[in-house]
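J.: One structure coming up, written as structure tokens, with questions to follow.
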Amino acid sequence: MKLKFDGTICQDLEQSSRLEWLETNGLGGFASGTVSGIHTRRYHGLLTAALHPPVGRMLLVAKFEDSLIVDGQRVELSANRYHGAVHPQGHEYLREFRLDPFPTWVYEIGDVQVEKRVFMVHGSDATVVEYEVKGLCKNCHLEVRPLVAYRDHHATTHSNEAIDSGFEWEEEGLVSVQLYDGLPRVYFGADYSTCEPTGHWYNRFEYAEEKARGLDFQEDLFQPFVLHFDLARSPKAVVIVSRAAIPAHEATALRERERQRRMALRRHSPLAETFLEDLTEAADQFVVRRGDGHTIIAGYPWFGDWGRDTMIALPGLTLVTGRFDVARGILEEFAKALNQGMLPNRFPGAGEAPEYNTVDATLWFFEAVRAYRHYTKDETLVRQVLYPRLVEAMDWHLRGTRHGIRADADGLLMSGEPGVQLTWMDAKIGDWVVTPRHGKPVEIQALWYNAIRTLQELAASFGDLARAAEMEELAGRARRNFLARFWDAERGYLLDNTDDAAIRPNQIFTVSLHYSMLDAVQAASVVDTVERHLLTPLGLRSLSPEDPAYRGNYSGGVYERDSAYHQGSVWLWLMGPFVTAFERVNPGSSRPRELLNGLQGQLRVAGVGQMSEIADGNPPFTPGGCFAQAWSVAEILRSAAESSGNNTAPPRDLMAAIARENQSHADDGVSRGRTVHVAGVQ
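For the sequence shown, my numbering assigns the number 3 to the initial residue and increments by one for each residue that follows.
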């Protein structure tokens with residue numbers, strides 16, 4: 003990935019402090035910060051390690067305070083925000099920041115340039131920081147002061163006397179610290195000339211993002227020693243921060259190996275287009291190990307792996323990019339976690355039980371299996387491992403499982419109980435459920451129908467004819483009653499729930515999913531309604547601006563933000579299903595790719611090289627939430643890969659499916675409208 007920001011942006015403290023970079027290691031660990039160097043979140047740090055991959059994250063080393071001494075003149079390269087002040091102000095010397103493919107800063111001090119590069123080592127809790135001086139520098143020294151945190155990545159640390167302030171010298175230029183018993187030792191592999199003990203606390207760093215959210219925003223960090231480098235002897239300096247002892251001389255090989263790995267990732271792009279290659283590279287940051295398999299981190303900096311997010315993101319992150327082994331590992335790992343027919347919504351920390359509090363994660367699992375089979379043709383895994391779990395899940399849903407989730411007599415899926423949010427619109431503040439959606443939410447019915455038809459298809463293919471017939475009857479019953487209860491012919495769109503006519507994006511899934519209950523006229527009307535009320539350049543609003551409950555700005559404290567989360571905020575991931583749905587009712591249109599290409603600029607906003615979670619519902623649609631979100635990247639990739647004109651796209655059979663549904667249910671008393679024929683579909 004190649005993105006560049008010049009000195010105009012880098013030296014603008016407000017702009018450069020909003021631009022966040024991210025490095026990940028495939029284990030759930032990460033490093034992140036801002037272009038300016040100022041930490042604006044408690045989550046920014048050089049080494050955040052997942053002690054029980056991918057969870058148990060601890061921020062071990064926060065940052066380096068680095069200084070260049072030229073002919074006795076000290077120049078500070080770092081920057082921090084304290085109460086009422088920024089000190090030091092290294093951003094004033096910053097002439098360039100680029101992602102190429104690693105975060106790289108270029109400082110200019112007179113005739114001397116300092117290039118600083120940061121990258122993580124894939125598969126290891128290690129971050130490499132490299133410095134190189136260019137220009138005439140006969141008497142140059144570099145000082146690096148590590149600032150250590152040693153705390154849960156959701157917390158902050160404060161000065162205390164319980165720490166072990168000492169450090170140990172190891173062989174091959176290694177220095178190590180272990181602030182508290184029972185926590186990991188951290189090694190600093192450096193080609194330093196001298197190491198000077200210090201043992202200071204740096205007090206009251208301020209994190210602007212945490213302050214804006216009404217959270218604990220001040221922190222103290224411990225500085226155990228100073229590493230001195232004689233740049234007149236060698237213009238390059240290296241520090242490797244890691245949980246395992248890695249000497250500095252390995253940095254070059256580690257960098258080249260990581261560069262080659264990222265170049266190889268780009269070759270997995272579904273299309274040879276720079277934007278999609280960039281997204282394919284970005285997608286890799288969410289794929290991590292869990293046990294013997296894989297899982298998907300929902301978003302950085304604060305999310306772990308969530309069942310719903312993983313299943314939604316799986317096709318875009320792994321299938322359209324050809325990473326079938328990763329997809330297989332994810333499906334196998336989550337299949338093991340199926341309990342009472344439900345996929346976990348969240349895997350907590352080590353030793354804690356998974357949380358089964360979602361109605362849609364399991365339904366998205368059906369769709370992920372269907373997509374996996376379509377892309378990989380892996381009949382063995384699907385038939386022997388996944389199909390039995392799908393049958394088990396369906397049986398539980400038919401007879402009833404947790405949280406009131408059960409198939410009703412009308413064939414539709416009921417869910418909900420007081421105090422529990424089961425759909426993806428799950429914001430809850432204390433006892434206040436912001437978006438109550440108990441009963442039969444529209445997208446749950448779309449997913450339920452898609453799951454029924456998926457199981458029917460698999461049962462027929464595997465010779466389970468009794469199951470196939472059962473699913474055929476259930477699908478017909480569900481479809482008839484869904485259209486009777488949800489379709490508002492006068493308004494021309496679907497209710498969000500059986501008693502809720504709010505215009506929300508959830509109805510788009512009735513068109514975008516593989517199997518649809520709508521006829522062609524209804525599908526086109528749904529897409530038109532969503533486009534008129536909810537579409538923005540970044541994605542779909544979560545509520546129409548015409549609704550009295552609409553909130554168009556995601557800002558303020560926890561209460562203000564959570565009350566806007568699903569009440570107007572734009573969700574970037576929803577651009578994927580909208581594009582798919584739009585193209586299916588407007589085959590051959592160039593609009594879908596125009597919408598997707600319009601998102602390219604987001605790689606240079608908020609998370610550099612990444613896609614944000616949400617944005618304000620009101621212009622200028624300022625990004626918010628996680629600065630790197632898995633399903634945002636995944637759904638843009640998937641919808642682009644599966645768009646018309648792409649030779650790698652799967653068969654575009656939604657309209658053919660609609661035609662089949664119309665024919666098979668011609669006598670159920672529901673008006674059908676016209677049938678739309680898509681080129682190449684019989």
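The beta-carbon is built from N, C-alpha and C at its ideal position, and this holds for glycine as well.
Because the structure is a prediction, the values reported are computed rather than measured.
Quick one: what does DSSP say G441 is sitting in, helix, strand or coil?
T.: Strand.
J.: Take A461 and list the residues in its own chain whose beta-carbon comes closer than 6 Å to its own, dropping the five residues that flank it on each side.
T.: The answer, listed in chain order, is R469, A470.
J.: Just tell me which of G609, W203, V290, P90 has its CA closest to the CA of D307.
T.: Nearest C-alpha to D307: V290.
J.: Answer yes if the stretch 361-372 comes into contact with the stretch 308-321, meaning at least three C-beta pairs across the two stretches below 8 Å, and no otherwise.
T.: Cβ pair count under 8 Å is three or more, so yes.
J.: On the premise that L223 lies in contact with A151, defined as a C-beta separation below 8 Å, what is that separation, rounded to the nearest angstrom?
T.: Their Cβ separation, rounded to whole angstroms, is 6 Å, which keeps A151 and L223 in contact under 8 Å.
J.: Do H93 and S38 come within 8 Å of each other at the CB atom, strictly closer than that value?
T.: For S38 and H93, yes; Cβs fall inside 8 Å.
J.: What number of angstroms, rounded off, separates the C-alpha of M3 from the C-alpha of R408?
T.: Using only the alpha carbons, I get a separation of about 46 Å.
J.: Confirm, please, whether the CB-CB distance from A339 to L333 is below 8 Å.
T.: No, they are not a contact pair.
J.: Take F227 as the anchor and find which of L149, P105, I298 has the nearest alpha-carbon.
T.: Of L149, P105, I298, the residue nearest in Cα terms is L149.
J.: Between V435 and the rest of its own chain, which residues show a CB-CB distance below 7 Å, the 5 nearest in sequence each way excluded?
T.: Excluding residues within five positions, the ones whose Cβ falls inside 7 Å are Q423.
J.: From the DSSP output, in three-state form, read off I660 for me.
T.: Confidence at I660 is low in this model, with a pLDDT of 46, below 50, so its placement is unreliable and the value that follows should be read with caution. I660 falls in the helix class under three-state DSSP.
J.: So, with DSSP's three-state summary, where would you put T158?
T.: Coil at T158, not helix or strand.
J.: Looking only at its chain, what residues have a beta carbon closer than 7 Å to the beta carbon of W489, apart from the 5 residues adjacent to it on each side?
T.: Around W489: L496, Q524.
J.: If distances are taken between C-alpha atoms only, which option among I454, P420, E533, R235 comes closest to L400?
T.: Closest option to L400, Cα to Cα, is I454.
J.: Can you tell which of I638, A632, R43 has the C-alpha that lies nearest to the C-alpha of F288?
T.: Checking every option, the nearest Cα to that of F288 belongs to A632.
J.: Would the stretch 74-83 and the stretch 205-220 be scored as touching if the rule is three or more Cβ pairs under 8 Å?
T.: In short, these stretches touch, since the Cβ pair count reaches three.
J.: If distances are taken between C-alpha atoms only, which option among P539, Q447, F584 comes closest to Q602?
T.: Of the listed residues, the one whose Cα sits closest to Q602 is P539.
J.: For F277, collect the residues of the same chain with a Cβ closer than 6 Å to its Cβ; drop the 5 residues on either side in sequence, then sort them by chain order.
T.: The answer, listed in chain order, is Q602.
J.: Measuring straight from C-alpha to C-alpha, what distance separates Y189 and V130?
T.: Approximately 12 Å between the Cα atoms of the pair.
J.: Less than 6 Å between C-beta atoms, sequence neighbours within five positions excluded: which residues of the same chain meet that for H568?
T.: Excluding sequence neighbours, H568 sits near M427, A429, T437, S544.
J.: In whole angstroms, what separates the C-alpha of S565 from that of F349?
T.: Spanning the two alpha carbons is a distance of roughly 25 Å.
J.: For M122, which of P105, M613, F99 has the nearest alpha-carbon?
T.: Ranking the options by Cα distance to M122, first place goes to P105.
J.: Could you tell me whether the Cβ atoms of P186 and R119 are closer together than 8 Å?
T.: Going by C-beta atoms, P186 is not nearer than 8 Å to R119.
J.: Could you check whether A239 and Y133 sit closer than 8 Å to each other, using their CB atoms as the reference points?
T.: The answer is yes: Cβ separation under 8 Å.
J.: Pick out whichever of R261, S527, Y358, F7 has its Cα sitting closest to the Cα of E492.
T.: Among R261, S527, Y358, F7, the Cα nearest to that of E492 is on S527.
J.: If you draw a straight line from the alpha carbon of G28 to that of S34, how long is it in whole angstroms?
T.: Their Cα atoms are separated by approximately 14 Å.
J.: Is the beta carbon of G476 sitting closer than 8 Å to the one on I446?
T.: According to the sequence displayed, residue 476 carries Leu and not Gly. Their beta carbons are not under 8 Å apart, which means L476 does not touch I446 by this criterion.
J.: With hydrogens ignored, establish whether the beta-carbon of A284 is closer than 7 Å to any heavy atom of the ligand HEM.
T.: As presented, the structure is devoid of all ligands, the ligand HEM included, so that no description of it is given.
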